[in-house]
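J.: First the structure, which I've put down as structure tokens, then a few questions once you've had a look.
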Amino acid sequence: MPQLTRRSLAAATAVLLGATALTACGSDSDDEADAGSGPVKLTYWAWAPGMDKVAALWNAKHPDIQVTVQKQASGDDLVTKIITAAKARKGPDLVQAEYQALPTLVTNDALADIGPEVQGVEKKFAPGVWQQTTLGGDAVYALPQDSGPLMFFYREDLFKEYGLTVPTTWDAFAETARALKKKAPKKSLTTFSANDAGLFAGLSQQAGARWWTFEGDTWKVGIDDAATKKVTDFWGGLVAEGAIDNQPMYTPAWNKALDTGEQIAWVSAVWAPGTLTTAAPATKGKWAMAPLPQWTEGENATGSWGGSSTAVTSDSKHKEAAAKFAVWLNTDPEALAALVKESGIYPAATAAQTSGALAKAPDYFANQPDFYTKAAEIAKTTAPAAWGPNVNVAYTAFKDEFGKAAKARTAAAFAKALTAVRDTTVDDLDKQGFEVAK
Amino acid sequence: MTQPPKGARRSYGVKAAPYGFLLPAAVLFALFFALPIGYAVWLSFHKVEIKGLGLGKGARSEVWAGLENYASALTDSEFLASALRVLGYGAIVVPVMLGLALLFALLLDSERVRGRSFARLAIFLPYAVPGVIAAVLWGFLYLPDVSPFHYLLEKAGLPQPDLMDGGPLYLAMSNIAVWGGTGFNMIVIYTALRALPAEVYEAAKLDGCSELQIALRIKIPMVVPSLVLTFFFSIIATLQVFNEPMTLKPLTNGIPSTWSPLMKVYNDAFTGGNIHAASATAVVLALATFALSFALLRISNRRTTQGASR
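Take a look at the structure:
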């Protein structure tokens with residue numbers, strides 16, 4: 181038992197030490213020395229695998245700007261780390277940041293506006309993706325690196341076996357779920373998972389939701405807007421009537437359900453082949469991908485789930501050089517080809533989505549040779565997303581509240597969960613001191 | 005170095021020597037213990053103020069908050085709920101774990117036991133498994149779709165409880181702690197038992213005591229100090245439970261992100277980015293742990309001194 185004490189003490193001290201890291205702030209002058217002579221040295225915090233190899237390509241061609249990649253943990257941990265480093269004025273020059281983390285980083289004054297340095301780059305990206313790096317204003321806080329347009333993945337063989345057709349609308353999706361339950365009561369079309377808010381955010385995006393917007397000096401939280409309500413009611417209804425499962429994704433049980441065909445479809449993003457390869461190895465070659473179902477027949481929109489950008493920090497003493505590298509990394513054909521190969525990302529730059537690097541379908545989808553051609557078409561239809569300064573708080577609230585709702589299995593519980601997420605988010609903004617419309 | 009002159013200087017040196025020896029420990033204590041705690045306390049009295057949208061330079065400033073963070077920590081229903089959850093969890097873990105530890109220690113100490121060192125190792129071994137790994141292992145065994153127990157229950161046509169939700173979740177979580185912690189506590193109690201003089205047992209046997217009577221009337225009263233110690237450790241560990249619920253959380257809808265008080269602190273600091281509120285909650289948690297530990301220590305001390313004077 182004291183081993184638990186020690187460990188939990190360690191966790192507690194980690195909290196305290198994390199706090200002390202902040203005290204470590206002071207004047208630093210180690211970067212100033214090399215400003216005049218020798219090559220510019222940049223550090224880059226990233227978590228994508230193989231990023232150091234991509235940077236090596238740049239370093240070989242640009243002896244005057246040398247980039248060192250420092251591998252980091254992804255997600256929330258890195259956001260906290262970047263903010264802490266920014267407070268201590270010890271940040272790197274460049275960071276990899278998820279789109280939804282950008283406002284949090286900007287409001288903590290961790291990122292630099294690189295608008296002037298990256299003029300003309302905008303047209304290389306889909307508008308829905310680009311807009312996330314500007315927060316809807318005039319500044320540019322990052323360059324899009326990869327994106328995760330949502331798609332519909334399904335077991336082609338089982339759809340045939342049960343006489344199901346691929347749904348093109350959400351109504352048809354619900355009918356498909358019910359039809360499957362009738363034919364095979366033990367199987368489910370898919371699950372509503374409360375442990376990843378990113379998917380729900382993407383689905384709401386597709387419906388036209390704008391979760392965070394601002395007018396003048398006031399933030400407005402639209403997590404309970406009509407579009408998100410529609411999405412909530414839809415999934416809540418399916419769970420309540422028992423048409424789909426209610427257990428979370430990314431558990432051993434979920435892997436098993438996918439691998440044994442207990443769940444025969446998954447609403448996911450372009451990176452799904454990678455996840456399926458490890459989660460459902462036995463069903464390789466049996467899956468197919470189709471565009472996401474639409475709210476109205478004939479519409480053409482998708483949301484995004486995941487994806488990240490390259491940002492220059494406010495600490496960087498070589499903003500121009502760092503922006504130059506960021507532009508190269510995310511628009512140069514050679515760099516993008518290397519990113520696809522070494523890091524396995526799906527590039528945000530539209531030209532790269534149809535380039536030679538993505539000519540071949542992923543191994544897992546060898547049965548669908550035009551996988552990436554189709555994906556590029558879908559990616560173009562990505563609806564804009566609107567992120568705010570406390571996405572983390574909203575995401576955690578989503579996990580807690582929708583977890584309860586998924587357990588309760590009633591439509592009313594889902595509606596209540598959405599209101600709770602909205603309230604928690606608004607309260608947190610208010611508590612943090614932001615001007616927020618109630 | 006010149007030889008110090010004899011006389012007054014020398015006695016000064018002798019007096020200063022203990023402080024000199026104390027210095028390394030004192031410096032380390034100050035640097036790595038007192039300073040971080042002091043800083044956490046300082047943080048807990050401050051908050052961040054944001055102007056307007058919070059975009060751009062100078063929009064954030066740290067200001068004095070007084071007791072505001074403490075007020076919101078103490079009135080936060082999530083924090084109180086997490087404290088209650090942990091008390092419920094502790095009410096299962098502590099008695100069961102210490103009861104088993106005492107039982108195993110007495111069994112191992114009894115005369116007729118065979119394979120003593122093997123048994124001791126087997127009971128102790130789970131302690132060597134890191135908490136996160138233990139939680140993952142048990143998590144797999146609990147998940148209905150992959151659990152062998154559920155498979156057997158289903159085959160036998162028996163009801164299959166969902167161990168990752170509601171009331172059974174407390175049992176499932178406690179089970180991990182008991183499994184991992186019993187061995188250590190058993191070793192502590194067992195060591196105390198081995199240190200007891202053999203003459204006492206001989207005398208008891210001559211008086212016609214059975215093994216059971218020796219255990220109940222001699223061994224247990226004599227290892228009470230060890231029991232107090234293990235109890236003490238267990239209470240603190242319970243209040244600080246973090247790894248198990250954190251690891252099991254993604255597997256189920258039944259564990260909120262603020263299941264235990266320490267998870268709430270973690271969530272505030274690293275998800276919400278509110279290091280000030282997190283510090284206040286951490287300080288409250290530390291004070292509560294101290295208060296509880298000292299109260300229990302006082303009670304047990306009074307008991308043992310009474311026992312000794314009798």
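Protein chains in written order, with the numbering used here: chain A, 181 to 618; chain B, 5 to 314.
Glycine is no exception: its CB is placed at the ideal position from the N, C-alpha and C atoms.
Would you verify that the beta carbon of A/Asp-211 is, or is not, closer than 8 Å to some beta carbon of chain B?
T.: Translated into the one-based positions of the first sequence, residue 211 of chain A becomes position 31. Legend: pLDDT at A/Asp-211 = 42, less than 50; position of this residue unreliable, no value from coordinates given.
J.: From B/Ala-77 to B/Gly-276, what distance separates their C-alpha atoms?
T.: For this step, residue 77 of chain B is matched to residue 73 along the second sequence. For this step, residue 276 of chain B is matched to residue 272 along the second sequence. Approximately 14 Å between the Cα atoms of the pair.
J.: Contact between the segment 178 to 185 of chain B and the segment 117 to 132 of chain B: three or more CB pairs below 8 Å?
T.: Contact holds: three or more Cβ-Cβ distances are below 8 Å.
J.: Any beta carbon of chain B sitting closer than 8 Å to that of A/Val-606?
T.: As a working note, residue 606 of chain A is residue 426 in the first sequence. No, no contact with chain B.
J.: Are the C-beta atoms of A/Gln-312 and some chain B residue less than 8 Å apart?
T.: In the first sequence, counting from the first residue as 1, residue 312 of chain A sits at position 132. Chain B contact via Cβ: absent.
J.: Using three-state DSSP, classify A/Thr-223 as helix, strand or coil.
T.: One-based indexing of the first sequence puts residue 223 of chain A at position 43. If DSSP states are grouped into helix, strand and coil, A/Thr-223 belongs with the strands.
J.: With respect to 7 Å, is the separation between the Cβ of B/Ala-292 and the closest non-hydrogen atom of the ligand ADP below this value?
T.: With respect to the ligand ADP, the structure shown offers nothing to examine, as it has no ligands at all.
J.: With DSSP run on the structure shown, which of helix, strand or coil describes B/Phe-83?
T.: Counted from its first residue, the second sequence places residue 83 of chain B at position 79. Looking at B/Phe-83 - three-state DSSP - the assignment turns out to be helix.
J.: Would DSSP call B/His-280 helix, strand or coil?
T.: Taking the first residue of the second sequence as 1, we reach residue 280 of chain B at position 276. Helix at B/His-280.
J.: Which residues mark the beginning and the end of the beta strand (DSSP E) in which A/Tyr-334 is found?
T.: Position 154 of the first sequence, counting from 1, holds the residue named residue 334 of chain A. That run of the beta strand (DSSP E) goes 323 to 335.
J.: Could you pull out every residue in the same chain whose Cβ sits closer than 7 Å to the Cβ of B/Glu-158, ignoring the five residues on either side in sequence?
T.: On the second sequence, residue 158 of chain B is found 154 positions in, with the first residue counted as 1. If we look at B/Glu-158 and ignore the five residues flanking it on each side, its Cβ neighbours are Gln-164.
J.: In the structure shown, what three-state DSSP assignment does B/Gly-135 receive?
T.: Taking the first residue of the second sequence as position 1, residue 135 of chain B is located at position 131. If DSSP states are grouped into helix, strand and coil, B/Gly-135 belongs with the helices.
J.: Could you give the distance in angstroms between the alpha-carbon of A/Asp-256 and the alpha-carbon of A/Thr-313?
T.: For the purposes of this step, residue 256 of chain A is taken as the residue at position 76 of the first sequence. For the purposes of this step, residue 313 of chain A is taken as the residue at position 133 of the first sequence. One C-alpha to the other measures close to 18 Å.
J.: Touch check for the segment 543 to 562 of chain A and the segment 456 to 472 of chain A: three-plus C-beta pairs under 8 Å?
T.: Taking 8 Å as the limit for Cβ pairs, the verdict is that the segment 456 to 472 of chain A does touch the segment 543 to 562 of chain A.
J.: Assuming A/Val-249 contacts A/Asp-232 under a Cβ cut-off of 8 Å, what Cβ separation, rounded to an integer in Å, is found between them?
T.: The residue you call residue 249 of chain A lines up with position 69 of the first sequence. The residue you call residue 232 of chain A lines up with position 52 of the first sequence. That pair is a contact at about 4 Å.
J.: Report the three-state DSSP secondary structure of A/Thr-486 (helix, strand or coil).
T.: Translated into positions along the first sequence, residue 486 of chain A becomes position 306. The sequence given here has Gly at residue 486 of chain A, not Thr. Strand.
J.: Residues in the segment 189 to 205 of chain B with C-beta within 8 Å of chain A's C-beta atoms, listed in sequence order?
T.: Taking 8 Å as the Cβ-Cβ cut-off against chain A, the residues of the segment 189 to 205 of chain B that qualify are Asn-189.
J.: Return the residue from the list A/Pro-453, A/Ala-506 and A/Ala-502 that minimises the CA-CA distance to A/Gly-144.
T.: With chain A running from 181 to 618 in the structure shown, residue 144 of chain A is simply not present.
J.: Going residue by residue through the segment 296 to 323 of chain A, where are the continuous alpha helix (DSSP H) segments of at least 4 residues, counting only ones entirely within it?
T.: 307 to 310, all fully within the segment 296 to 323 of chain A.
J.: Inspect the beta-carbon positions of A/Trp-446 and A/Thr-534 and report whether they are closer than 8 Å.
T.: As a working note, residue 446 of chain A is residue 266 in the first sequence. As a working note, residue 534 of chain A is residue 354 in the first sequence. Taking 8 Å as the Cβ cut-off, A/Trp-446 and A/Thr-534 do not qualify as a contacting pair.
J.: Alpha carbon to alpha carbon, how far is A/Thr-412 from B/Asn-73? Give it in angstroms, no decimals.
T.: As a first step, residue 73 of chain B is located in the second sequence; it is residue number 69 there, counting from the start. As a first step, residue 412 of chain A is located in the first sequence; it is residue number 232 there, counting from the start. For B/Asn-73 and A/Thr-412, the distance between alpha carbons rounds to 34 Å.
J.: Below 8 Å on the Cβ atoms is my guess for A/Asn-510 versus A/Leu-282; work out the distance and round it to an integer in Å.
T.: Here residue 510 of chain A corresponds to residue number 330 of the first sequence, with the count starting at 1. Here residue 282 of chain A corresponds to residue number 102 of the first sequence, with the count starting at 1. The Cβ separation is near 15 Å, so there is no contact.
J.: For the segment 243 to 257 of chain A, which residues have a beta carbon sitting closer than 8 Å to at least one beta carbon of chain B?
T.: Going along the segment 243 to 257 of chain A in chain order, one finds Asp-256 and Asp-257 with a Cβ nearer than 8 Å to chain B.
J.: How far does the alpha helix (DSSP H) with A/Lys-362 in it extend, from its first residue to its last?
T.: Residue mapping note: residue 362 of chain A aligns to position 182 of the first sequence, counting from 1. A/Lys-362 -> alpha helix (DSSP H) spans 350 to 363.
J.: Can you have a look at B/Asn-305 and say buried or exposed, based on whether 16 or more other CB atoms are within 10 angstroms of its CB?
T.: Residue numbering aside, residue 305 of chain B sits at position 301 when the second sequence is read from its first letter. B/Asn-305 comes out exposed.
J.: So with Cβ pairs under 8 Å, would you call A/Val-220 a contact of chain B?
T.: As a working note, residue 220 of chain A is residue 40 in the first sequence. So no, A/Val-220 is outside the interface.
J.: Just to confirm, are A/Ala-501 and A/Leu-222 a CB contact at a threshold of 8 Å?
T.: Walking along the first sequence from the start, residue 501 of chain A turns up at place 321. Walking along the first sequence from the start, residue 222 of chain A turns up at place 42. Cβ distance < 8 Å, so A/Ala-501 and A/Leu-222 count as in contact.
J.: Indicate whether at least one CB of chain B lies closer than 8 Å to the CB of A/Thr-223.
T.: Within the first sequence, the letter at position 43 stands for residue 223 of chain A. Taking Cβ atoms only, chain B never reaches closer than 8 Å to A/Thr-223, which makes this a no.
J.: Across the segment 32 to 48 of chain B and the segment 243 to 259 of chain B, are there enough close Cβ pairs to call them in contact, namely three or more that are closer than 8 Å?
T.: No, because fewer than three Cβ pairs between the segment 32 to 48 of chain B and the segment 243 to 259 of chain B fall closer than 8 Å, the two stretches do not touch.
J.: Should A/Asn-572 go down as buried or exposed, given a rule of 16 or more other Cβ atoms within 10 Å for buried?
T.: What you label residue 572 of chain A is simply residue 392 of the first sequence in a count that begins at 1. It is buried - the Cβ of A/Asn-572 has at least 16 other Cβ atoms within 10 Å.
J.: Are A/Asn-150 and A/Thr-284 closer than 8 Å when you measure CB to CB?
T.: Because residue 150 of chain A is not part of the residues shown, which for chain A are 181 to 618, the question remains open.
J.: Identify the contact partners of B/Arg-64 in chain A, using a Cβ-Cβ distance below 9 Å as the criterion.
T.: As a working mapping, residue 64 of chain B is identified with position 60 in the second sequence. Correct list: Thr-287, Asn-288, Asp-289 and Gly-613.
J.: Once you ignore the five residues that flank B/Leu-71 on each side, which residues in its own chain have a CB closer than 8 Å to its CB?
T.: Within the second sequence, residue 71 of chain B is the residue found at index 67, counting from 1. Result list for B/Leu-71: Phe-49, in chain order.
J.: Applying the criterion that 16 or more other CB atoms from any shown protein chain within 10 Å of the CB defines a buried residue, is B/Val-117 buried or exposed?
T.: Counting from one through the second sequence, the residue named residue 117 of chain B turns up at place 113. B/Val-117 comes out exposed.
J.: Against chain A, which members of the segment 47 to 59 of chain B pass a CB distance test of less than 7 Å?
T.: The residues in question are Leu-47, Val-52, Glu-53, Ile-54, Gly-56, Leu-57, Gly-58 and Leu-59.
J.: Please state the DSSP three-state secondary structure of B/Arg-64.
T.: Taking the second sequence and counting its residues from 1, the one referred to as residue 64 of chain B is at position 60. Three-state DSSP puts B/Arg-64 in a strand.
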